[in-house]
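One structure is given below, encoded as structure tokens.
Right, dumping it as structure tokens:
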């Protein structure tokens, strides 16, 4: 790795070689214009994300993970993979375990992982609530009796069946609504992940969703999390780079707290090994691999280099559960 690519080993150390020419085009600590890059220093591990693997029953062309049936970019997790990290996170004071994919319910061991995690902390699961969940209802239902609650966030892109099904597949809109209704009827907490349009009026979009919920006998007060287009793995959308000066525009530490890398980490399986990444949005960039333990990962300064970092900067995007 060239000197200009070196990543500081600990959060308060930026090597002097980074300010020398020639700078790498995608330098870790400096922008292409040579300005010091914006960064985040972790505060405390509050939420641990577990990437269950990129396999999915759907093949959405916009998927930020590039997931599709049989996809193996990120292998599936097993309970034995995550157990040590669950206990390390508990020792560090973690408040919640969260799960993303792919579609978690296509992973054979996922219900076992979720069962184990919800014995120790509240859990949050991202799902499309279609066939894989429906087939596992008999396994999911007993988890209501576990010591800690499980919150499901279901992807429902638009309040328009045809538009939703265009990318997710015919029938997926109704399948997701069936999954939402089943989860709510059993007593699980549910919220909705939707996509945004540039010129939308959010209140109108959510009112249209609530009309649909009313027709399906689903509570109208479900919370929404709206996401911009985050691009597919390895893509570059031309977003502005975030400099230290940009970050200084935030007046308080609290204003930085919407960046997930402040309080979260994510487990990603690489081959037969589990590695720790900075957050849920950067697993396509190996620079964001922070080591093999949660403890060491919290000492790393996170440089805001990934184009998805700009979504956090601009929109306050967070994959975490809505308040």
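Numbering (UniProt numbering), first residue to last: 1 to 323. C-beta atoms are modelled at their ideal positions from N, C-alpha and C, and glycine is treated no differently. From a predicted model like this one, the values you see are computed outputs, not experimental measurements.
Do residue 88 and residue 128 have their CB atoms nearer than 7 Å? On the chain shown, residue 88 is found 88 positions in, with the first residue counted as 1. On the chain shown, residue 128 is found 128 positions in, with the first residue counted as 1. One thing to note: residue 88 has its Cβ no nearer than 7 Å to the Cβ of residue 128.
From the DSSP output, which residues share a beta bridge with residue 245? One-based indexing of the chain shown puts residue 245 at position 245. Bridge pairing for residue 245: absent [DSSP].
Unbroken beta strand (DSSP E) runs of length 3 or more, entirely within the stretch 53-112: which are they? Qualifying beta strand (DSSP E) stretches, in chain order: 96-100.
Hey, how far is the Cα of residue 23 from the Cα of residue 30? On the chain shown, residue 23 is found 23 positions in, with the first residue counted as 1. On the chain shown, residue 30 is found 30 positions in, with the first residue counted as 1. Model confidence at residue 23 stands at a pLDDT of 33, short of 50, so the residue's coordinates are unreliable; what they give is reported in the following sentence. Looking at the two C-alpha atoms, the distance is approximately 8 Å.
Is residue 53 near the ligand FAD, going by C-beta to nearest heavy atom under 6 Å? The model depicted lacks the ligand FAD and carries no ligand whatsoever.
State the Cα-Cα distance for the pair residue 297 and residue 202, rounded to the nearest angstrom. By one-based count along the chain shown, residue 297 stands at place 297. By one-based count along the chain shown, residue 202 stands at place 202. So the alpha carbons of these two residues sit roughly 37 Å apart.
Could you tell me how far apart the beta carbons of residue 193 and residue 243 are, in whole angstroms, since I believe they sit closer than 8 Å? Stepping through the chain shown from its first residue, residue 193 is reached at position 193. Stepping through the chain shown from its first residue, residue 243 is reached at position 243. Incorrect: roughly 30 Å between the Cβ atoms, too far for contact.
Cβ pair count under 8 Å reaching 3, the stretch 131-142 against the stretch 91-102: With a cut-off of 8 Å, the stretch 91-102 and the stretch 131-142 do not count as touching, because too few Cβ pairs lie within range.
Short check: CB of residue 324 to CB of residue 213, under 7 Å? Since the displayed the chain opens at 1 and closes at 323, residue 324 lies outside it and no answer follows.
Assuming residue 304 contacts residue 39 (C-beta within less than 8 Å), just tell me the rounded distance between them. The sequence position of residue 304 within the chain shown is 304, counting from 1. The sequence position of residue 39 within the chain shown is 39, counting from 1. Going by Cβ atoms, the distance from residue 304 to residue 39 rounds to 6 Å, so yes, they are a contact pair.
Does the pairing of the stretch 44-51 with the stretch 251-268 give three or more beta-carbon distances under 8 Å? Touching, yes, given that three or more Cβ pairs across the two stretches are closer than 8 Å.
Looking at the structure shown, is residue 314 part of a helix, part of a strand, or coil, going by DSSP? For the purposes of this step, residue 314 is taken as residue 314 along the chain shown, with counting starting at 1. Under the three-state reduction of DSSP output, residue 314 falls in the helix class.
Cβ-Cβ distance between residue 167 and residue 61 below 7 Å: In the chain shown, counting from the first residue as 1, residue 167 sits at position 167. In the chain shown, counting from the first residue as 1, residue 61 sits at position 61. Cβ atoms of residue 167 and residue 61: closer than 7 Å.
For residue 198, which three-state DSSP category applies? For this step, residue 198 is matched to residue 198 along the chain shown. The answer is coil: DSSP assigns residue 198 none of H, G, I, E or B.
Beta-carbon proximity list for residue 70, same chain, < 8 Å, skipping 5 on both sides: Here residue 70 is taken as the residue at index 70 of the chain shown, counted from 1. Closer than 8 Å at the Cβ level, and outside the excluded window around residue 70, lie 55.
With respect to the beta strand (DSSP E) encompassing residue 154, which residues constitute its N-terminal and C-terminal limits? On the chain shown, position 154 is the one that residue 154 refers to. Run containing residue 154: 150-155, per the beta strand (DSSP E) assignment.
Three-state class that DSSP yields for residue 300 in the structure shown: By one-based count along the chain shown, residue 300 stands at place 300. Residue 300 falls in the coil class under three-state DSSP.
Cβ distance (whole Å) where residue 45 is taken to contact residue 94 below 8 Å: Translated into the one-based positions of the chain shown, residue 45 becomes position 45. Translated into the one-based positions of the chain shown, residue 94 becomes position 94. With 8 Å as the limit, residue 45 and residue 94 qualify as a contact, their Cβ atoms being about 5 Å apart.
Just to confirm before moving on: does the CB-CB distance between residue 279 and residue 260 stay below 7 Å? Numbered from 1 along the chain shown, position 279 holds the residue referred to as residue 279. Numbered from 1 along the chain shown, position 260 holds the residue referred to as residue 260. Their beta carbons are under 7 Å apart, which means residue 279 touches residue 260 by this criterion.
Hey, how far is the Cα of residue 13 from the Cα of residue 83? As a working mapping, residue 13 is identified with position 13 in the chain shown. As a working mapping, residue 83 is identified with position 83 in the chain shown. No answer about residue 13 holds up, because its pLDDT of 35 lies below 50 and its placement is not dependable.
Quick check on DSSP: helix, strand or coil for residue 209? Translated into the one-based positions of the chain shown, residue 209 becomes position 209. If DSSP states are grouped into helix, strand and coil, residue 209 belongs with the helices.
Three-state secondary structure (DSSP) of residue 224: Looking up residue 224 in the chain shown gives position 224. When secondary structure is reduced to three states using DSSP, residue 224 falls in the strand class.
Taking only the alpha-carbon atoms, compute the straight-line gap between residue 295 and residue 90 and give it to the nearest angstrom. Looking up residue 295 in the chain shown gives position 295. Looking up residue 90 in the chain shown gives position 90. The alpha-carbon of residue 295 is positioned some 11 Å away from that of residue 90.
To the nearest angstrom, how far is the alpha carbon of residue 96 from that of residue 77? Position 96 of the chain shown, counted from the first residue, corresponds to residue 96. Position 77 of the chain shown, counted from the first residue, corresponds to residue 77. As the crow flies, the alpha-carbon of residue 96 is around 18 Å from that of residue 77.
DSSP three-state call for residue 203: helix, strand or coil? In the chain shown, residue 203 corresponds to position 203, counting from 1. Three-state result, residue 203: helix.
Does the Cβ of residue 47 have 16 or more other Cβ atoms within 10 Å, making it buried, or fewer, making it exposed? As a first step, residue 47 must be located in the chain shown, where it is residue number 47. Under this definition residue 47 is a buried residue.
Measure the C-alpha to C-alpha separation of residue 141 and residue 126 and round it to an integer number of angstroms. For the purposes of this step, residue 141 is taken as residue 141 along the chain shown, with counting starting at 1. For the purposes of this step, residue 126 is taken as residue 126 along the chain shown, with counting starting at 1. Between the alpha carbons of residue 141 and residue 126 lies a gap of roughly 17 Å.
Can you tell me whether residue 33 is buried or exposed, with buried defined as 16 or more other CB within 10 angstroms of its CB? Locating residue 33 in the chain shown gives position 33, counting from the first residue. Counting C-beta atoms within 10 angstroms of its own C-beta, residue 33 has fewer than 16 neighbours from the protein chains shown and is therefore classed as exposed.
Let me know the secondary structure DSSP gives residue 44 once reduced to three states. Here residue 44 refers to the residue found at position 44 of the chain shown. Three-state DSSP puts residue 44 in coil, outside helix and strand.
Would you call residue 28 buried or exposed, if buried means 16 or more other Cβ atoms sit within 10 Å of its Cβ? For this step, residue 28 is matched to residue 28 along the chain shown. A residue is called buried when at least 16 other Cβ atoms come within 10 angstroms of its Cβ; residue 28 meets this threshold and is buried.
In three-state DSSP terms, what is residue 147? Here residue 147 refers to the residue found at position 147 when the chain shown is read from its first residue. Residue 147 carries a coil assignment under DSSP once its states are collapsed to helix, strand and coil.
Identified DSSP bridge partners for residue 267: Taking the chain shown and counting its residues from 1, one reaches residue 267 at position 267. Residue pairing by DSSP places residue 267 opposite 50, 276 in a beta bridge.
Looking at the structure shown, is residue 133 part of a helix, part of a strand, or coil, going by DSSP? Translated into the one-based positions of the chain shown, residue 133 becomes position 133. Taken through DSSP and simplified to helix, strand or coil, residue 133 comes out as helix.
Measure how close the beta-carbons of residue 41 and residue 301 come, nearest whole angstrom, since I'm counting them as under 8 Å. For the purposes of this step, residue 41 is taken as the residue at position 41 of the chain shown. For the purposes of this step, residue 301 is taken as the residue at position 301 of the chain shown. Indeed they touch by this definition, with Cβ atoms about 6 Å apart.
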